[in-house]
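Participant: Below are the structure tokens for one structure; questions will follow.
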């Protein structure tokens, strides 16, 4: 097979440049295979993050020809003619080469008030398949953070990271809100502190999701509806006041020990 | 406490190394006991190899078959392990796994449901009843995410992308901490801890064809042994006969037996359907004699006998191995699994949808048009650190181990679904064991600074060499050597050759020279993984040499049967000295005697 040139960004937080690596193409390779061959030969210090190499762990996200992709799921044969450009995810600070500091996402995860289920009855909870399916879709998330990377609210506006959880965590909140066992109420938190209102539904996140989770349609829009209803609808507001006996506000939940 | 002021230092009650299912479950338990817990992981949180598990976690909840109970599960596990198991681990596992699964639901896990709203359980090989709690084919992800979210909600310190180099002792020889480095910065960090739990997973990365990720380098196995613990059953490794060997993008991915069940056949480079040459006498009466007869069987099981492609896993694997060694393999060291020429494309897509899509998406391989290149693939190690079943304690005070790094639970062969449940049952027990141990501790510990200094000096040595080897070359050669000599089918002479060659590898690793700096340098990372890979490879080879029989995941071509004397022992390994290059002592250790009431359960099933 013919040769291919990989144009890879190399550098660290102080700056860097593109370097070209030209090597023979093998049949059936994905971008990560080629990166590994470069590591094993020309550049053993080329930094890239990866684990399962089967599209299940979400470690190897990068931008390939400008688009967020999992390197292990991007076949070389689908690349257009010419050099293949690989750059780190733009939204996160660079550590080195293709590796970025994704700690923003782990900090967001720490803010999520945990599931608050009722005590478990003897022999386990009873839940029905149709009731668990909505949240199961969101639990397919492999945390590649490409939805976070592509979301222009934080991709283009660093300041917004202070008060915006991002699509990955909107599906996490949606998962908990729709969880059959949950008694926690995170709606004020989502509206006031997690910046759900900043999302203007451009669906970029849905387009890049390697798990094909319908982030916008199935999580963000229903979440917006719930939060808005809860905030402006007096009947819903009254209902919530009454239901507080079972639903606990996020603030209260935060001080309760997790079960 | 460490007096070294240059190195970042942290103090914990319990330090957990590894953030897969076992490590996270251990952390939760220790946290619930009010202890200060730190978790160290080589990767980011939530990326551990646990996510790869698809099938489910075995627990005798009886949701689908009321007849199921712990006693049946115990018997299945022991039988699957060819009775080499630590019986007490198998017993605890069978008894406790249902509670561990239910507990996950309280933390947010959402399993697939039965019609009446209970956790659905699926059938799996070796389990008498449908027993695996699951979420589609992503049960491992569900397990790790649930535990990860629980750990985070409890406010646990997690050191991500931090690689532990050595365990540290105190002045009395108890485990007192660890020395590590941050991958991002390359800076060193020391930890003192009253107890350390190893939960580092497996060793598969030492083989050329493996389903394991880069992390499976046996760090925990090796560090435990270097610190004075004992490894057992290291020869017992589960290989799958049909893993993809090419293209690279799918290497290691397992091809379900269903492909053969639906008409797929094995061919060598000459196009011959070679399995007909490998039908052992004991299978002759039930196996087709000709291709025509075998083909009739697919249509109507009464019209012919089973084709030889459907012989037991080890028979198929041995045949593939022999063909490759005879020079009739495919270009990349496997053989061909062909369903494309035998079934219409539409049939293949309908019967094997996930196989079809996986290969199409990952490799552009259309299994309806071309044959697959497959070969035996390293999947899981049953052997590991010898532990006490109830407490997960090793023989070194203060050191505990759980999950794939611990040995004994699965004996000579693991049943599918028993590994996820192993993680949560013994992860919890390791957390409890560590907490109980700490309660009984007296006095304060002083880290052995000499050990810290030696580990750091050794880690930095490759940067100081002008000329030396590329660690990737060593890794590739090691993988090829282990695949060829200590693979799925072993013989005495090849295993002896491997033991000798591994000494050369030890020298080569001590002559690595590195390019670049310390900041997120994968070459350096590999250089620090290689000593672990060599230590576990040596133990596997030595165990394979001494177990002169075939049992479970260990097959000796020159000793195809089982041996009565060897059925009563584990093969154990300890280090003679304290340096990773020191020699290894290998000896037989008698199995724990099984109490009469449990023995009776085993007899019932025979």
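Residue numbers (the working numbering), protein chains in the order written: chain A, 427 to 685; chain B, 9 to 614. Glycine is no exception: its CB is placed at the ideal position from the N, C-alpha and C atoms. Predicted, not measured: the structure shown is a model, and the values here were computed from it.
1) Sort B:266, B:261, B:244 by Cα distance to residue 217 (chain B) and report the nearest one.
2) Residues of chain A with CB closer than 7 Å to the CB of residue 127 (chain B), please, in chain order.
3) Can you grab the Cα-Cα spacing for the pair residue 562 (chain A) / residue 118 (chain B), in whole Å?
4) Please tell me whether residue 604 (chain A) and residue 369 (chain B) are closer than 8 Å, where the distance is taken between their beta carbons.
5) If the cut is a Cβ gap below 8 Å, which residues of chain A does residue 616 (chain B) touch?
6) What residue range does the alpha helix (DSSP H) around residue 39 (chain B) cover?
7) How should residue 160 (chain B) be labelled, buried or exposed, when 16 other C-beta atoms within 10 angstroms of its C-beta is the threshold for buried?
8) Using DSSP bridges, identify the partner residues of residue 435 (chain A).
9) Give a yes or no on whether the minimum CB-CB distance between residue 503 (chain A) and chain B is below 8 Å.
10) Is the CB of residue 115 (chain B) under 8 Å away from at least one CB in chain A?
11) Please return the same chain residues whose Cβ sits closer than 7 Å to the Cβ of residue 622 (chain A), not counting the five positions on each side in sequence.
12) At which residues does the alpha helix (DSSP H) containing residue 596 (chain B) begin and terminate?
13) Give the secondary structure of residue 494 (chain B) by DSSP, where H, G and I count as helix, E and B as strand, and everything else as coil.
14) Between the region 448-463 of chain A and chain B, which residues of the former have a C-beta closer than 7 Å to a C-beta of the latter?
15) Can you tell me where the beta strand (DSSP E) holding residue 200 (chain B) begins and where it ends?
16) Any beta carbon from chain B within less than 8 Å of residue 648 (chain A)'s own beta carbon?
17) Output needed for residue 576 (chain A): all residues of its chain with C-beta closer than 7 Å, excluding positions within five of it in sequence on either side, in chain order.
18) Residues bridged to residue 47 (chain B) by DSSP?
19) Can you find a CB in chain A that lies within less than 8 Å of the CB of residue 146 (chain B)?
20) Please report the Cβ distance between residue 127 (chain B) and residue 69 (chain B), rounded to the nearest whole angstrom; I am assuming they are in contact, meaning their Cβ atoms lie under 8 Å.
21) Check each candidate in A:446, A:530, A:467 and name the one with the smallest Cα separation from residue 585 (chain A).
22) Determine the direct distance from the alpha carbon of residue 238 (chain B) to that of residue 598 (chain B), and round the result to whole angstroms.
23) Identify the continuous beta strand (DSSP E) that holds residue 554 (chain A) and give its terminal residues.
24) Does the beta carbon of residue 624 (chain A) come closer than 8 Å to any beta carbon on chain B?
25) Report yes or no: do the region 378-396 of chain B and the region 334-344 of chain B share at least 3 C-beta pairs separated by less than 8 Å?
26) Below 9 Å on C-beta distance, what does residue 536 (chain A) contact in chain B?
27) Can you tell me the Cα-Cα spacing of residue 174 (chain B) and residue 39 (chain B), whole angstroms?
28) Quick one: grab the DSSP three-state call for residue 91 (chain B).
29) With burial defined as no fewer than 16 other Cβ atoms inside 10 Å of the residue's Cβ, what is the status of residue 587 (chain B): buried or exposed?
30) Taking C-beta pairs closer than 7 Å, name the residues in chain B that residue 479 (chain A) reaches, listed in chain order.
31) Within a Cβ cutoff of 8 Å, which residues of the same chain sit near residue 672 (chain A), ignoring the five residues on either side of it in sequence?
32) Kindly indicate the opening and closing residues of the alpha helix (DSSP H) around residue 515 (chain A).
33) Using a C-beta to C-beta distance shorter than 8 Å, which residues of chain B count as neighbours of residue 499 (chain A)?
34) Residue 599 (chain A) to residue 612 (chain A), Cα distance in whole Å?
35) Indicate the three-state DSSP secondary structure (helix, strand or coil) for residue 3 (chain B) in the structure shown.
36) Closest to residue 258 (chain B) by CA distance: which of B:289, B:226, B:220, B:292 is it?
Facilitator: Let me spell this out:
1) B:261
2) 550
3) 7 Å
4) no
5) In this structure chain B extends from 9 to 614, so residue 616 (chain B) is not present and cannot be described.
6) Element bounds for residue 39 (chain B): 29-40.
7) buried
8) A:444
9) yes
10) yes
11) So the list reads 596, 616, 649, 650, 653, once near-sequence residues are dropped.
12) According to the DSSP assignment, residue 596 (chain B) belongs to no alpha helix (DSSP H) but to the beta strand (DSSP E) extending over 591-598.
13) DSSP places residue 494 (chain B) outside both helix and strand once states are collapsed to three, so it counts as coil.
14) 452, 453, 454, 455, 456, 459
15) 196-206 is the extent of the beta strand (DSSP E) around residue 200 (chain B).
16) no
17) Same-chain partners within the cutoff: 494, 630, 631, 634.
18) B:24, B:166
19) Contact of residue 146 (chain B) with chain A is assigned, a C-beta pair being separated by under 8 Å.
20) 6 Å
21) A:530
22) 14 Å
23) Segment: none, residue 554 (chain A) is in no beta strand (DSSP E) and carries neither H nor E.
24) No, residue 624 (chain A) does not count as interfacial toward chain B.
25) yes
26) 160, 161, 163
27) 24 Å
28) coil
29) exposed
30) 221
31) In this predicted model, residue 672 (chain A) has a pLDDT of only 45, less than 50, meaning its place in the structure is not dependable; the value taken from the coordinates is given anyway. So the qualifying residues of the chain are 609.
32) Unbroken run through residue 515 (chain A): none, as it is neither H nor E.
33) 369, 370
34) So the alpha carbons of these two residues sit roughly 8 Å apart.
35) Only positions 9 to 614 of chain B appear in the structure, and residue 3 (chain B) is not among them; the question remains open.
36) B:220
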